[in-house]
Amino acid sequence: MSDLMEMLKRRGFLWSSFEIYGGSAGFFDYGPLGAMMKRNLEELWRYYFVIKEGMYEIDSPTIGLEDVFVASGHVKEFVDVLIECSKCGAVYRADHYIEERAKISVDPVPEEIQKALNEHAVTCECGGTFSHPVEFNLMFKTAIGPGSRKTGYLRPETAQGMFVNFPRLLKFFRNKLPFGVVQIGRAYRNEISPRQGVIRLREFNQAEAEVFVHPAEKKHPGFDSIRDEKLLLVTKFDEEITLTAGEAVEKGIIAHEMLGYFIVLTKQFLVNAGVDEERLRFRQHRDDERAHYATDCWDAEAKTSYGWIEIVGIADRTDYDLKKHMEHSQKDLTIFIQYEKPMKVRRKKIIPKMNIIGPQFKDKVREIVKALENYEFNGKVSINIGGEKITLSEDMYEIKEVEEEITGERIIPHVIEPSFGIDRIFYTILEHSFDEDEVDGEKRNVLHLPGYVAPIQVGVLPLLSKKELMDVAKDINTNLRINGILAEIDESGSIGRRYRRFDEIGTPFCVTVDYDTLRNNTVTIRERDTTRQIRVPVDDLVVDLKELLSLKPEKAFEELGEIVR
RNA sequence: GCGGCCAUAGUCUAGUGGUCAGGACAGGGGCUUCCCAAGCCUCUAGCCCGGGUUCGAAUCCCGGUGGCCGCACCA
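Residue numbers (my numbering): 1373 to 1937.
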């Protein structure tokens, strides 16, 4: 185990779940410090997406109706068909294996796979024959209610919860594009073989934003403010290149400003959360790699001990999801876009003579009249009603030339989706923050976490474990806590040992109470990364520490007090 | 899922078919101590689970679970 994982376990950040029952791959617990830090990370994400960008958060169930995932394509597409060799036991993904061996393409459904196996006599490399192909859906299936009447699935992404709520959300945002909705929560995938600690989990945490935009308006009003941000890009042709966001969009490498904007926003969030900018890049999905729903797609990747791992996906999902849900639910998921000026259109309108067609078509008349409303007259009238072709003779209608006013059109919005893997980001931050450096010739473990991410923000330490110092320390600790600063007191062991304990879990500042405190009501604040100390009045502590812990401090550490070490 | 390697306190590890399973670090209590893992005393805590072989298994065998690596998988 790496030194980092050892520490994370020992100090209560992360450990594998169900340990007393032997554990199970793909599940991890966040311990006391981990849960706190994860919450801080999500809070920072909220700052960027909810407060800064003005999106709104919703919270929908983690169990979804079967319909939701039939419509989204997950029931059908989120599946691998597997074949197993009866001789050597090797398991392959069937469609890939057959494509490679028989040089044919085959639909990944069991019947087609079986047919292909037979027709092309595909055998295992070892010479063995394959078992019947079996489908393996990566979604967890469950039954809703007693009697298993209704099938449900644990959601494989939080996104669908936002898509299926589109009509309500559209009204909430008062029928105007663009608008953004976010959701932070759990998602589930029944991975075949989870590995690599917290990198591939069966139950994981996502923070997703769905930005609904007009398909023809993928410019972003805030793009100018981030145009000059430099990005390390890897294009779909595998070319590594550093460009500004503006250049990348102008050259057409990034498809449009919306994607460019969120790539930059993502970078800002990640870097401020503690991901090392030098170990962060944005990689474009190759054409054959993109999911079934996306056009352009960029992954934020971080370099870790596991190699480059995907930590964020930023995709243009187009109208794929809304379209699918519209087809499947038969509900209107469009938005009416009003033109700036109504368009006047002259057209030939068909006025049906009801006294003639009424008796003749009887119960079909309603539908016929409806179909005629938008019928483009081209000399004859021929319409399709429920699969039946009906032609109206000239005595059944008259043609009137009318001028109509069209005030707008109905469109299905496109969706830009930045999707964050919280667990992976969490782990990346820890790896990028973890350091073994030297202080006064002694080795120490230190996490260089930003103060607003660190699980414990301030350590409060009596210099010596004497009652008179302890009493003051307790008061200070209480006061910091009631002012919203997460402080922790520690009186056991030498002062140096206690500093190291806090360094190890990333606590950025330690307040030390000494005998000068009793004389003049001042304390020292020690800075984790430099071990420098300043002396400040106790009365200034809350204000000073809040300043130091903020996302954008206005004063540097040394400006707040005299440096004493 | 397959194959290889592995599994001893919170963590890292020593160890043998047969006394109380040893150490280091971490942790608790105490002494000491006026700023960076000091020292001393003391305490807590362990052989992954199930079955078998044996007079006797943490040790050998089988199965399971978990971990690491490789293959496959990762919409």
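All residues carry an ideal CB built from backbone N, CA and C; glycine is no exception.
(1) Tell whether a beta-carbon distance below 8 Å holds between Leu1652 and Ala1687.
(2) Apply the 10 Å Cβ neighbour rule to Ile2006 and answer buried if 16 or more other Cβ atoms are within range, or exposed otherwise.
(3) Considering just the uninterrupted stretch of the alpha helix (DSSP H) at Thr1607, what are its terminal residues?
(4) So what does Ile1613 bridge to, in DSSP terms?
(5) Look at the alpha carbon of Leu1376 and the alpha carbon of Phe1806, and state the distance between them as a whole number of angstroms.
(6) Run through the segment 1856-1922 for me and flag every whole alpha helix (DSSP H) of 4 or more residues, listed as ranges in chain order.
(7) To the nearest angstrom, how far is it from the Cα of Pro1566 to the Cα of Glu1415?
(8) What's the gap between the Cα of Leu1615 and the Cα of Gly1933?
(9) Kindly indicate which residue of Gly1403, Met1379, Glu1378 and Arg1383 has the alpha-carbon position closest to the one of Ser1389.
(10) Hey, Phe1538 and Leu1705: beta-carbon distance below 8 Å or not?
(11) If you reduce the DSSP assignment to three classes, tell me which class Asp1668 lands in.
(12) Tell me the start and end of each unbroken alpha helix (DSSP H) in the segment 1483-1548 that is at least 4 residues and wholly inside, in chain order.
(13) For Pro1587, which residues from the same chain have a beta carbon less than 6 Å from its beta carbon, with the 5 sequence-adjacent residues on both sides left out?
(14) Check this for me: beta carbons of Gln1555 and Ile1728, under 8 Å apart or not?
(15) Would Tyr1633 pass as a contact of Phe1595 if the rule is Cβ separation under 8 Å?
(16) Throw me the rounded Cβ distance for the Ile1877 and Leu1819 pair, which I believe falls under 8 Å.
(17) Candidates Ser1503, Lys1752, Ile1935 and Leu1526: which alpha carbon is nearest Val1372's?
(18) Name the two residues that bound the continuous alpha helix (DSSP H) containing His1786.
(19) In terms of alpha-carbon separation, which member of Ala1515, Gly1823 and Phe1749 lies closest to Asp1875?
(20) Does the count of Cβ pairs from the segment 1544-1551 and the segment 1654-1668 closer than 8 Å reach three?
(21) What residues are listed by DSSP as bridge partners for Ile1771?
(22) On the premise that Ala1663 lies in contact with Pro1790, defined as a C-beta separation below 8 Å, what is that separation, rounded to the nearest angstrom?
(23) If we call anything under 8 Å between Cβ atoms a contact, is Leu1405 one with Pro1827?
(24) Do the CB positions of Ile1897 and Asp1916 come within less than 8 Å of each other?
(25) Rounded to whole angstroms, how far is the Cβ of Gly1646 from the Cβ of Ile1801, which I believe are closer than 8 Å?
(26) Rounded to the nearest angstrom, what separates Arg1872 and Val1825 at their Cα positions?
(27) In terms of residue numbering, what span does the beta strand (DSSP E) encompassing Leu1833 cover?
(28) Where DSSP assigns a beta bridge to Tyr1402, which residues make up the other side?
(29) Provide the residue(s) that pair with Ala1579 in DSSP beta bridges, ordered along the chain.
(30) Within its chain, find whatever has a CB closer than 6 Å to the CB of His1628; leave out the 5 residues flanking it on each side and keep chain order.
(31) For the candidate residues Glu1601, Glu1507, Arg1782 and Cys1669, whose alpha-carbon lies nearest to that of Thr1607?
(32) Got a sec? Which residues, its chain only, sit under 8 Å from Asp1809 by beta carbon, not counting five neighbours each side?
(33) What are the boundary residues of the beta strand (DSSP E) that includes Asp1659?
(34) Report yes or no: do three or more beta-carbon pairs, one from the segment 1687-1698 and one from the segment 1427-1444, lie closer than 8 Å?
(35) Determine the extent of the alpha helix (DSSP H) in which Lys1696 is found, giving its start and end residues.
(36) Does Gly1557 pass the burial test, meaning 16 or more other C-beta atoms within 10 Å, or should it be called exposed?
Looking at the atomic coordinates:
(1) As a working note, residue 1652 is residue 280 in the first sequence. As a working note, residue 1687 is residue 315 in the first sequence. Contact flag unset, no.
(2) Lying before the first or after the last residue shown, residue 2006 is absent from the chain, which here runs from 1373 to 1937.
(3) As a position in the first sequence, residue 1607 is number 235, starting the count at 1. It is not in any alpha helix (DSSP H) - Thr1607 carries neither H nor E in the DSSP assignment.
(4) Taking the first sequence and counting its residues from 1, the one referred to as residue 1613 is at position 241. BP columns for Ile1613 point to Leu1605.
(5) Along the first sequence, read from residue 1 onward, the residue named residue 1376 stands at position 4. Along the first sequence, read from residue 1 onward, the residue named residue 1806 stands at position 434. If I take the Cα positions, the gap works out to 7 Å.
(6) 1867-1876, 1887-1892 and 1913-1921
(7) As a working mapping, residue 1566 is identified with position 194 in the first sequence. As a working mapping, residue 1415 is identified with position 43 in the first sequence. Rounded to whole angstroms, Pro1566 to Glu1415 spans 28 Å at the Cα level.
(8) Within the first sequence, numbered from 1, the residue matching residue 1615 stands at position 243. Within the first sequence, numbered from 1, the residue matching residue 1933 stands at position 561. About 41 Å.
(9) By one-based count along the first sequence, residue 1389 stands at place 17. Looking at the Cα atoms, Gly1403 is the closest of the given residues.
(10) As a position in the first sequence, residue 1538 is number 166, starting the count at 1. As a position in the first sequence, residue 1705 is number 333, starting the count at 1. It is a contact, given that the beta carbons lie within the stated cut-off.
(11) If you number the first sequence from 1, residue 1668 lands on position 296. Correct three-state label for Asp1668: coil.
(12) 1531-1535 and 1538-1544
(13) For this step, residue 1587 is matched to residue 215 along the first sequence. The residues are His1786.
(14) Here residue 1555 refers to the residue found at position 183 when the first sequence is read from its first residue. Here residue 1728 refers to the residue found at position 356 when the first sequence is read from its first residue. Result no, Cβ atoms of Gln1555 and Ile1728 do not sit closer than 8 Å.
(15) Stepping through the first sequence from its first residue, residue 1633 is reached at position 261. Stepping through the first sequence from its first residue, residue 1595 is reached at position 223. Taking 8 Å as the Cβ cut-off, Tyr1633 and Phe1595 qualify as a contacting pair.
(16) Against the first sequence, residue 1877 aligns to sequence position 505. Against the first sequence, residue 1819 aligns to sequence position 447. Confirmed, Cβ separation roughly 6 Å.
(17) Given a span of 1373 to 1937 for the chain in the structure shown, any question on residue 1372 remains unanswerable.
(18) The count along the first sequence starts at 1 and reaches residue 1786 at position 414. First-last for His1786: His1786 to Gly1793, but that is the beta strand (DSSP E), not the alpha helix (DSSP H).
(19) Locating residue 1875 in the first sequence gives position 503, counting from the first residue. Among Ala1515, Gly1823 and Phe1749, the Cα nearest to that of Asp1875 is on Gly1823.
(20) no
(21) Here residue 1771 corresponds to residue number 399 of the first sequence, with the count starting at 1. Bridge partners of Ile1771: Ile1722.
(22) Your numbering for residue 1790 matches position 418 in the first sequence. Your numbering for residue 1663 matches position 291 in the first sequence. Wrong, their Cβ atoms sit about 15 Å apart, outside the cutoff.
(23) Working through the first sequence from its first residue, we reach residue 1405 at position 33. Working through the first sequence from its first residue, we reach residue 1827 at position 455. Their beta carbons are under 8 Å apart, which means Leu1405 touches Pro1827 by this criterion.
(24) Numbered from its first residue, the first sequence carries residue 1897 at position 525. Numbered from its first residue, the first sequence carries residue 1916 at position 544. Taking 8 Å as the Cβ cut-off, Ile1897 and Asp1916 qualify as a contacting pair.
(25) For the purposes of this step, residue 1646 is taken as residue 274 along the first sequence, with counting starting at 1. For the purposes of this step, residue 1801 is taken as residue 429 along the first sequence, with counting starting at 1. So it is a contact: roughly 4 Å between Cβ atoms.
(26) Stepping through the first sequence from its first residue, residue 1872 is reached at position 500. Stepping through the first sequence from its first residue, residue 1825 is reached at position 453. Each residue's Cα considered, the two are about 19 Å apart.
(27) Taking the first sequence and counting its residues from 1, the one referred to as residue 1833 is at position 461. Per DSSP, Leu1833 belongs to the beta strand (DSSP E) from Val1830 to Pro1834.
(28) In the first sequence, residue 1402 corresponds to position 30, counting from 1. Per DSSP, Leu1386.
(29) Residue numbering aside, residue 1579 sits at position 207 when the first sequence is read from its first letter. Answer by DSSP bridge pairing, in chain order: Ile1556 and Phe1792.
(30) Within the first sequence, the letter at position 256 stands for residue 1628. The answer, listed in chain order, is Lys1590.
(31) Residue mapping note: residue 1607 aligns to position 235 of the first sequence, counting from 1. Looking at the Cα atoms, Cys1669 is the closest of the given residues.
(32) Counted from its first residue, the first sequence places residue 1809 at position 437. Cβ within range, chain order: Lys1815, Arg1816 and Val1818.
(33) Taking the first sequence and counting its residues from 1, one reaches residue 1659 at position 287. It is not in any beta strand (DSSP E) - Asp1659 carries neither H nor E in the DSSP assignment.
(34) yes
(35) One-based indexing of the first sequence puts residue 1696 at position 324. Tyr1692 to Ser1701 is the span of the alpha helix (DSSP H), which, as asked, contains Lys1696.
(36) Position 185 of the first sequence holds residue 1557. Per the 10 Å Cβ criterion, buried.
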